[in-house]
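Residues 3 to 319 in our numbering are what the sequence shown spells out, letter by letter. Comments concern the structure below.
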Amino acid sequence: MSFENLSPDTINEYRRAAYYYYKNHLTQEEIAKRMNMSRQRVNRILSACIKNGIVKISIEGIESCNLNLESELEKKYGLKEVYVIENENKEELNHNLGIQGVHYLRKNIKSNDIIGVARGHAVSAVVDNMPYITTLDNIIVTQLTGSIKEKNSKLGVDKLVYQLADKLQAREELLYFPLIVGSAKLKHAFMQDAVCKNTYSIMRNSNIAIVGIGVAQKQWKHMVNLYDKEDFSHKQWADSVVGEVCTHFYDRNGNMVEPPFRDRMLTLSLEDYKNIPIRLGIAGGLEKYNAIKGAVLGKYINVLITEKSVAEKLLED
3 MSFENLSPDT INEYRRAAYY YYKNHLTQEE IAKRMNMSRQ RVNRILSACI
53 KNGIVKISIE GIESCNLNLE SELEKKYGLK EVYVIENENK EELNHNLGIQ
103 GVHYLRKNIK SNDIIGVARG HAVSAVVDNM PYITTLDNII VTQLTGSIKE
153 KNSKLGVDKL VYQLADKLQA REELLYFPLI VGSAKLKHAF MQDAVCKNTY
203 SIMRNSNIAI VGIGVAQKQW KHMVNLYDKE DFSHKQWADS VVGEVCTHFY
253 DRNGNMVEPP FRDRMLTLSL EDYKNIPIRL GIAGGLEKYN AIKGAVLGKY
303 INVLITEKSV AEKLLED
């Protein structure tokens with residue numbers, strides 16, 4: 003205990019206030035009346051009790067969960083929230099990340115929210131694990147990018163929008179265009195379309211974005227017809243990127259690295275994307291470490307759900 007600067011009378015006063023609050027469960031207002039002092043003084047005394055060791059708080063089982071790790075990551079990277087899961091089975095990683103994603107969303111989705119969705123295995127796992135919810139009103143679920151042809155139809159962003167909207171009893175709002183079109187001129191024409199304009203307005207007003215974090219090289223297969231290995235500017239771009247969130251590419255420090263074909267992509271702009279209040283990124287596995295770290299450093303996400311090996315490395319680096 004560190005009582006050196008406290009008089010015996012002060013120590014007794016502190017103990018009495020702590021006893022009333024923690025043992026008798028009186029409110030601060032009740033303690034103030036009983037001890038003839040202001041509620042603000044009671045609040046300061048209770049804080050000082052902890053600071054000086056008069057009151058010691060113990061949380062049972064904290065060693066077996068990841069609260070300290072999560073809290074340290076939030077402070078280090080300026081994240082709103084971090085959730086770290088234990089995961090010993092690589093085959094179940096996305097499923098387990100998805101379950102944690104559902105826990106987070108059920109606490110944070112409110113009536114009248116607009117939820118934006120991007121493609122990805124972890125995002126698909128969130129949608130798969132989401133129960134049917136009937137207690138929310140006037141929810142809209144929309145996509146944050148145009149669509150691409152998927153080998154696994156479950157990963158298609160339009161399919162994810164339909165499924166999540168169904169489970170939340172929400173209205174779906176789809177962007178009926180591909181992610182990549184043949185020319186900048188064609189993109190401009192699409193963006194002038196009244197339907198596209200309306201959907202884009204809804205997309206940019208999303209309250210919550212649910213996104214995966216992709217390793218850049220794996221995302222190129224969706225753009226192979228645009229990526230020219232012989233073109234120096236294309237190669238220079240490819241050599242510098244490590245990750246992708248919502249079709250926005252970045253280097254290991256989180257700096258945006260625009261692809262040479264950006265002017266042909268139908269997607270939410272980076273400025274509009276970063277204005278979304280909650281940007282929930284879900285990813286795990288050390289093979290994605292650089293992509294996850296870049297996403298955190300570049301503020302592409304402000305809420306992270308990941309697994310312990312990635313979280314520990316993020317804290318060490």
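Note that beta-carbon positions come from the ideal geometry of N, C-alpha and C, so glycine has one too. Please read all numbers here as calculations on a predicted model, not as lab measurements.
Under a 10 Å Cβ-count criterion, residue 40 is classified as exposed, with fewer than 16 other Cβ atoms of the shown protein chains found around its own Cβ.
Residue pairing by DSSP puts residue 251 in a beta bridge opposite 246. A straight-line Cα-Cα distance of about 26 Å links residue 180 and residue 238.
Per the Cβ contact rule, the segment 301 to 317 is in contact with the segment 80 to 89 (3 or more Cβ pairs under 8 Å). Going by C-alpha positions, residue 56 is about 46 Å away from residue 92. Between the alpha carbons of residue 281 and residue 118 lies a gap of roughly 9 Å. For residue 116, no alpha helix (DSSP H) segment is defined; the enclosing uninterrupted segment is the beta strand (DSSP E) at 116 to 119. Per DSSP, the continuous beta strand (DSSP E) segment holding residue 145 begins and ends at 142 to 145. Around the beta carbon of residue 266, a 10 Å sphere encloses 16 or more other beta carbons of the protein chains shown; the residue is thus reported as buried. From the listed residues 104, 138, 144, the smallest Cα separation to residue 130 is found for 104.
Sorting 20, 77, 98 by C-alpha distance to the C-alpha of residue 287 places 98 at the top. In the three-state scheme derived from DSSP, where H, G and I count as helix and E and B as strand, residue 71 is classed as helix. Annotated three-state conformation of residue 208 is coil, per DSSP. Excluding the 5 residues flanking it on each side, residue 274 has same chain C-beta neighbours closer than 7 Å at 206, in chain order. Residue nearest to residue 213 within the set 159, 135, 75, 21 is 159 (criterion: CA-CA distance). If you look at residue 312, you'll find it isn't in any beta strand (DSSP E); it sits in the alpha helix (DSSP H) that goes 310 to 318. The segment 48 to 55 makes contact with the segment 4 to 19: 3 or more CB pairs, one atom from each, lie closer than 8 Å.
Within the same chain, Cβ atoms closer than 8 Å to the Cβ of residue 244 are found at 217, 218, 252, 253, 254, 292, 293, 296, the five residues on either side in sequence being excluded.
The C-alpha of residue 188 lies about 10 Å from the C-alpha of residue 194. Bounds of the beta strand (DSSP E) holding residue 87 are 83 to 87. Here residue 147 is near residue 249, since their CB atoms are less than 8 Å apart. Inclusion of residue 290 and residue 204 in the CB contact set at 8 Å is not warranted, their separation being larger than that value.
For residue 294, the enclosing alpha helix (DSSP H) stretches over residues 291 to 299. Residue burial is scored here from C-beta neighbours: residue 184 has fewer than 16 other C-beta atoms within 10 angstroms and is therefore classed as exposed. Around the C-beta of residue 202, 16 or more other C-beta atoms lie within 10 Å, and the residue is accordingly described as buried.
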